[in-house]
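Numbering (this note's numbering), first residue to last: 116 to 323.
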């Protein structure tokens, strides 16, 4: 089985001086992603430090995004700093990758960041990614925020919010926001027939 080259991060700047190595670097990060969970904690921390440097300094948004995804598989303070940095990256690709990574770490820090991104990020695609990742955090605080997002001015945000609520609750009130709100308030609201909900979803335009 191929193993990660422990020196590849330190060699990247030298490699850039010699020529483009984007594909090799992506391949190394993908390999690292597949192996990081089985590494000892000390080794994971070494990689977390390398990923922190990459996310903070690499000019490639795609590489920063992949580094964030790997960091999501590491449980350490350094990895948390990596994801915090990625969550405020100038590139929406990196911020979306951070949302994916936070979903793998269902702790308070992850929940708080995803809630913030769902409510305040300037890019709709990032907000949708954050709302999707909140499906891993089934608690009253998250459900309360999702209820508020049903009133968002963006149809795409409303759509993703309903999708997340369907996944979290097992209920399907389609686009009936009033029924969703009543259900979230504790009322026993009957679901519409399958044919009605199917007709609703099939009639929706592609929002993103």
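Even glycine gets a Cβ: it sits at the ideal position worked out from N, Cα and C.
query: Do the CB positions of residue 214 and residue 245 come within less than 9 angstroms of each other?
result: Judged by their CB atoms, residue 214 and residue 245 are nearer to each other than the 9 angstroms cut-off.
field: Rounded C-alpha distance that separates residue 177 from residue 303
entry: 46 angstroms
- request: Just confirm the distance between the C-beta atoms of residue 163 and residue 180, as a whole number of angstroms; I'd bet it's less than 8 angstroms.
  value: No, residue 163 and residue 180 are not in contact; Cβ-Cβ is about 16 angstroms, not under 8 angstroms.
message: Please return the same chain residues whose Cβ sits closer than 6 angstroms to the Cβ of residue 229, not counting the five positions on each side in sequence.
response: 217, 245, 248 and 249
message: So the candidates are 156, 222 and 238; which of them puts its Cα closest to the Cα of residue 272?
response: 238
- prompt: So what's residue 255 in DSSP terms, helix, strand or just coil?
  reply: Under the three-state reduction of DSSP, residue 255 is assigned to helix.
With 16 other Cβ atoms within 10 Å as the buried cut-off, status of residue 305: The residue in question, residue 305, is exposed, as its Cβ has fewer than 16 Cβ neighbours within 10 Å.
message: So within the segment 189-223, which uninterrupted alpha helix (DSSP H) runs reach at least 4 residues, ignoring any that extend past its ends?
response: 192-202 and 207-218, all fully within the segment 189-223.
field: For residue 282 and residue 243, believed in contact at Cβ under 8 angstroms, the rounded distance
entry: Between residue 282 and residue 243 the Cβ distance is about 14 angstroms, and since that is not below 8 angstroms, they are no contact.
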